[in-house]
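Let me begin by presenting the structure, written as structure tokens, before commenting on it.
There are 4 protein chains.
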Amino acid sequence: MPSHRPGPPGGKREQNRRRRVQELTSAALELFLQDGIAGVTVDRITTAAGTSKGNFYRYFGDKEELVATLFAPLREGFEAALDRSEEVLSAARDHDELVAGYRLLGVSLGALLFAHSGVVRLYLQEARAPAVGARRPVRVLSDLVARRSITLTDVARENGLLRTVDPRVSALAVVGAVERMLWASLTGEHTFDPLQTAEALIAIVMDGLRPTTPAM
Amino acid sequence: MPSHRPGPPGGKREQNRRRRVQELTSAALELFLQDGIAGVTVDRITTAAGTSKGNFYRYFGDKEELVATLFAPLREGFEAALDRSEEVLSAARDHDELVAGYRLLGVSLGALLFAHSGVVRLYLQEARAPAVGARRPVRVLSDLVARRSITLTDVARENGLLRTVDPRVSALAVVGAVERMLWASLTGEHTFDPLQTAEALIAIVMDGLRPTTPAM
Amino acid sequence: MPSHRPGPPGGKREQNRRRRVQELTSAALELFLQDGIAGVTVDRITTAAGTSKGNFYRYFGDKEELVATLFAPLREGFEAALDRSEEVLSAARDHDELVAGYRLLGVSLGALLFAHSGVVRLYLQEARAPAVGARRPVRVLSDLVARRSITLTDVARENGLLRTVDPRVSALAVVGAVERMLWASLTGEHTFDPLQTAEALIAIVMDGLRPTTPAM
Amino acid sequence: MPSHRPGPPGGKREQNRRRRVQELTSAALELFLQDGIAGVTVDRITTAAGTSKGNFYRYFGDKEELVATLFAPLREGFEAALDRSEEVLSAARDHDELVAGYRLLGVSLGALLFAHSGVVRLYLQEARAPAVGARRPVRVLSDLVARRSITLTDVARENGLLRTVDPRVSALAVVGAVERMLWASLTGEHTFDPLQTAEALIAIVMDGLRPTTPAM
DNA sequence: CATGAATGAGGTTTCATTCAT
DNA sequence: GATGAATGAAACCTCATTCAT
């Protein structure tokens, strides 16, 4: 694949190209959710996208590149939200501003996850599988989530927001709890009222991690 | 495979047979952890177990059967622990007995998970992948975990041990948190002090789910 | 396999495609005659046809489909010949027209068998083997032959052309005799003069089945 | 397999041996009729015979040897019947004695085929398949049938019993007709009255091959 | 003697990727 | 650009035959 594309940027060719990529990724996502990334062949993707197998390789070097393309917006959105939150948190001068920072983060992430719910579900589904072949980009994201959630929790603990437990423990516990709820919700395992569930989760987390609570 | 085996029980043949099954399952487990259930061929398993490909099919109908064999002890142990705990809990007459019941469950499960840590890691790794082919037995266990944890949480809530949130939410949140910690621990993503981590987790959960705590 | 093919009809791709199918079926026929349908692997077929194993499955779903393709012309020709003959026979108004009808059938079938002698030999070779796997299409044809020959004989008997024996007996006897001669001839077991043999066979059949002859 | 067997001839060991061979061959015959000689594994045979796979090779060198054993009585009976008939025929001094000779042959063969109907059906089923592997002994018999029926017919023709057509034609036509009837009968394709059918067949053959009949 | 465990070649089918049209 | 034909490396599973118990 040449890096230079013919035609003017934004021109007809560019548009066609975008459309094709979009058709392929969304067809792939649907199939991946059904049968797993490793269980879907290039043939099925192109057939579902209404094009031909050979054409796939015009747009993606291989299946892994398509998966990376699929995850890019979620990963970038996640990093952006975290960057912004960390900025706000490090600028916070008192407890209320800190809490506001975390609220902001919650809202940003909620919006992000909602906007990419298909990819989120794919992420949850594939994140723990060995990062082999086309699945590598998933692991990139899951490492990111683990790393940044721990950093963030550390900030909170340093600011006296959390009880003084290992920040890796509290961070991963929260991540695990949230991911499990998302999984149940996205797969239809259970149907939850989103707002109510969010409130409940926040309450659990807040009380569970509240600093002054004496351990039982 | 005939059900009657030749040779005296406990004789050489019986021994060989047991050894083979053991060699195959443990070789398979190791490889599954490295490359995923779907990513490991029967050929590699038998080579690692020091036998021939064709011989695999004398012991297991197919890869799925081996996976089921691998998961059987964990699944059975899990059900036994849950059965016993539910019995104890339903017989509990006061708050302390209830808490003792949950403590018992925690200890039983801890011992179980520790005893089958390899399979536990495999479970965590594969539980969310589409339950296709050899992966089906994993899904059986994950459904079991979800179902029984919810039931158990419901018992706790009815007994006033938990705040009155949807038991599915608290149950899955706890399961998710615990699983995430186990995952980090078993994969070596982080090294935790087990006792300290258990204490921290229990404290988080207890405080997070304590009934009288007013929501923030 | 998509039903729409690229390229103009009659273009290079269409040509290549036809050629491949032709190469595969004729290579397969030759090998089938040597070693039996069940004794020939896809690998040998593709090697003989000068292509790769995987490519076979682009043209045929499996070996059975190739066999069905191989038998289609003979089966269709047989049905067409029988349809036409039955029409002629049912329109016949006197004995001579009836005999002429049967003569027509004999000529049609002779031409058909001659045109597809390879497939005919394969049919004779495989028709009685258990209709399992790739051999099923052969049984379809052999059932057809039995059924239609009996029907036809019944017509003849009702018109007083044959002695009043069970039409199944006379039909199958004639079919068996003819098939045995064809087999000897096609396998080179013996070399016959075709015309003379045909005459002899007809004479035997006609005399053997002639209505007015008193049983010995 | 040593050629010398332990134990006295006719002793317990000899008896056991015979019984085992009998169990194996009859189990094999049943399976062969269902799925073809090539489609039946040694494992299935031994399981059906109630013994173990390894044991098979104590009694037969390989599958082909079992098939040969299965066909031996029929082949020997056929040769004996033919030998006797040819003797009678060559000693015949007039037309009636000749006809009586053929009648004798018919009766002998009828009894033989009836006594070994399972093997006869297997013969019909496998006779034309390529004589490869375990199927070789079948071809031995089919060659025998062809050769001897022609010889016999030639004798008849030389004695003026048959019209002067190629004896191969009349012989094979009769063989083909008879085999086709047997096939229909033994497979249950049709149910015939045996006596009536035999009469009809004989009449057809006699009239069809009668010397003085002018060709149509 | 009897059993079934072991071997490994071989068969069918799938699929990522390249390439002619 | 688009199409699907071609390739060949695996993967799964079977089975005749040998051999330890």
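Residue numbers (the numbering used here), protein chains in the order written: chain A, 27 to 242; chain B, 27 to 242; chain C, 27 to 242; chain D, 27 to 242.
Every residue gets a Cβ at the ideal spot worked out from N, C-alpha and C, and that includes glycine.
Remember, it's a predicted structure, so these values are computed and weren't measured experimentally.
Which listed residue (the options) has its alpha carbon closest to that of residue i
i	options	result
residue 119(C)	215(C), 192(C), 185(C)	185(C)
residue 104(D)	189(D), 173(D), 68(D), 203(D)	173(D)
residue 99(A)	124(A), 75(A), 145(A)	145(A)
residue 40(B)	150(B), 117(B), 139(B), 85(B)	85(B)
residue 222(A)	135(B), 212(B), 191(B), 216(B)	191(B)
residue 43(D)	70(D), 55(D), 56(D), 81(D)	81(D)
residue 66(B)	229(B), 217(B), 219(B), 159(B)	159(B)
residue 57(C)	89(C), 231(C), 217(C)	89(C)
residue 215(D)	37(C), 87(C), 195(C), 133(C)	195(C)
residue 180(A)	116(A), 37(A), 218(A)	116(A)
residue 152(C)	61(C), 126(C), 230(C)	61(C)
residue 150(A)	87(A), 210(A), 48(A)	210(A)
residue 113(B)	122(B), 127(B), 121(B)	127(B)
Beta-carbon gap between residue i and residue j smaller than 8 Å
i	j	result
residue 167(C)	residue 59(C)	no
residue 50(B)	residue 92(B)	yes
residue 46(D)	residue 77(D)	yes
residue 199(B)	residue 206(A)	yes
residue 96(B)	residue 111(B)	no
residue 193(A)	residue 94(A)	no
residue 235(C)	residue 189(C)	yes
residue 202(B)	residue 203(A)	yes
residue 53(B)	residue 74(B)	yes
residue 138(B)	residue 208(B)	no
residue 64(D)	residue 161(D)	yes
residue 170(B)	residue 101(B)	yes
residue 124(C)	residue 187(C)	yes
residue 228(A)	residue 197(A)	no
residue 212(D)	residue 143(D)	yes
residue 233(C)	residue 233(D)	yes
Continuous alpha helix (DSSP H) stretch holding residue i: start and end
i	result
residue 86(A)	Looking at the DSSP string, residue 86(A) is not in any alpha helix (DSSP H), and its letter there is neither H nor E.
residue 66(B)	Taken as a continuous stretch (DSSP letters only), residue 66(B) belongs to no alpha helix (DSSP H), as it is neither H nor E.
residue 168(A)	162-184
residue 225(D)	220-235
residue 9(A)	Only positions 27 to 242 of chain A appear in the structure, and residue 9(A) is not among them; the question remains open.
residue 133(D)	121-141
Point to revise | Residues, ordered as in the chain, of the segment 39-65 of chain B that lie near chain A by beta-carbon distance below 7 Å | key: 60, 61, 62, 64, 65
Review point. When you check each C-beta in the segment 206-231 of chain D against every C-beta of chain C, which residues fall closer than 8 Å?
Key: 206, 207, 209, 210, 215, 216, 218, 222, 223, 225, 226, 227, 228, 229, 230, 231
Practice item. Anything in the segment 166-182 of chain A with a Cβ closer than 8 Å to a Cβ of chain B? List those residues in chain order, please. Key: 172
Check your understanding: When you check each C-beta in the segment 147-165 of chain C against every C-beta of chain D, which residues fall closer than 9 Å?
Key -> 150, 151, 152, 153, 154, 155, 156, 158, 159, 161
Exercise for review: Pull out every residue of the segment 120-138 of chain D whose Cβ sits closer than 8 Å to any Cβ of chain C, in chain order.
Suggested key: none
Practice item. Check distances from the C-beta atoms of the segment 74-99 of chain A to those of chain B and list, in chain order, the residues that come in under 9 Å. Key: none
Exercise for review: Scan the segment 184-203 of chain A for residues whose Cβ lies nearer than 9 Å to a Cβ of chain B and list them as they occur along the chain.
Suggested key: 189, 191, 192, 194, 195, 196, 198, 199, 200, 201, 202, 203
Point to revise | chain C contacts made by the segment 104-120 of chain D, where a contact means CB separation under 8 Å | key: none
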